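Visitor: One structure coming up, written as structure tokens, with questions to follow.
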Amino acid sequence: MATSSGYDYEVFLSFRGPDTRAGFTDFLYTSMIDMGIRAYKDDEELRVGEEFAPELLQAINQSKISIPIFSKGYATSVWCLKELVQMVSCQKAERQKIMPIFYDVAPSEVRHQTRGYGEALGLHKEKRRYDKETISQWEAALNAIGNIKGWDLHREKENR
Numbered sequence: 018m019a020t021s022s023g024y025d026y027e028v029f030l031s032f033r034g035p036d037t038r039a040g041f042t043d044f045l046y047t048s049m050i051d052m053g054i055r056a057y058k059d060d061e062e063l064r065v066g067e068e069f070a071p072e073l074l075q076a077i078n079q080s081k082i083s084i085p086i087f088s089k090g091y092a093t094s095v096w097c098l099k100e101l102v103q104m105v106s107c108q109k110a111e112r113q114k115i116m117p118i119f120y121d122v123a124p125s126e127v128r129h130q131t132r133g134y135g136e137a138l139g140l141h142k143e144k145r146r147y148d149k150e151t152i153s154q155w156e157a158a159l160n161a162i163g164n165i166k167g168w169d170l171h172r173e174k175e176n177r
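Going by the numbering used here, the sequence shown opens with residue 18, and the numbers climb by one from there.
Pasting the structure below:
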């Protein structure tokens, strides 16, 4: 149900479950809820062959802010990439702000699709399940959001 502002959520969290769900994302989500912020976090794991859930697009559309949490495996998830395209669409229509978090990846890796991000997109291209236009949309969304100043969080390497 939309509030008087027209938004169901203040924040939409986009993340790759196996990378950050049980740690960082849960902490961030719980902290927001505790502060009274209406946040959306999808708790469903996408199974191979499952369709993209339309309620995710609706949740993005009905959020004031999207926070993509870029992690090492983020670009391997077609769901995450589709969410990014929707976020950019909302941002271009001036309906939403995007505040990226770079969790143990460099912003340039996202922006230029290097290292793990380049490898993941290469695998999507090899599989040929998605047309060139879709892949181009994913690349453009990664580039656009990778250019937004966000939080660059690198896990401390233990030198002990």
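Ideal placement from N, C-alpha and C gives every residue a C-beta, glycine not left out.
Just so you know, these numbers come straight off a predicted model, no measurement behind them.
1) Kindly identify the DSSP beta-bridge partner or partners of Ser31.
2) Quick check on the DSSP output: the beta strand (DSSP E) that includes Asp169 runs from which residue to which?
3) With a cut-off of 8 Å, do at least 3 Cβ pairs link the stretch 36–52 to the stretch 99–109?
4) What does DSSP give as the partner residue(s) for Phe119 in the beta ladder?
5) According to the neighbour-count rule (16 or more other Cβ atoms, all chains shown, within 10 Å of its Cβ), is Gln75 buried or exposed?
6) Are at least three pairs of beta-carbons, each pair with one atom in the stretch 130–141 and one in the stretch 83–93, less than 8 Å apart?
7) Kindly indicate the opening and closing residues of the alpha helix (DSSP H) around Tyr134.
8) Among all the DSSP beta bridges, which residues are the ones paired with Tyr26?
9) Would you mind sorting Pro35 into buried or exposed? The rule is 16 or more other CB atoms within 10 Å of its CB.
10) In the DSSP output, which residue or residues are listed as bridge partners for Ala56?
11) Roughly how many whole angstroms lie between the Cα atoms of Leu124 and Gly163?
12) If you pair each beta-carbon of the stretch 71–86 with each one of the stretch 109–116, do three or more pairs fall below 8 Å?
Guide: From the atom records:
1) Pro85, per the DSSP bridge assignment.
2) If you look at Asp169, you'll find it in the beta strand (DSSP E) that goes 168–170.
3) Judged by Cβ distances under 8 Å, the stretch 36–52 makes no contact with the stretch 99–109, as fewer than three pairs qualify.
4) Paired residues: Phe87, Asp169.
5) Around the CB of Gln75, fewer than 16 other CB atoms lie within 10 Å, so the residue is classed as exposed.
6) Because the criterion of three Cβ pairs below 8 Å is met, the stretch 130–141 and the stretch 83–93 touch.
7) For Tyr134, the enclosing alpha helix (DSSP H) has its first and last residue at 132–144.
8) According to DSSP, which records beta bridges pairwise, Tyr26 is partnered with Ser80.
9) The residue is exposed, with fewer than 16 neighbouring Cβ atoms inside 10 Å.
10) Paired residue(s): Val28.
11) According to the sequence as given, residue 124 is Pro; it is not Leu. Pro124 and Gly163: Cα-Cα distance of roughly 6 Å.
12) Result yes; three or more Cβ-Cβ pairs closer than 8 Å.
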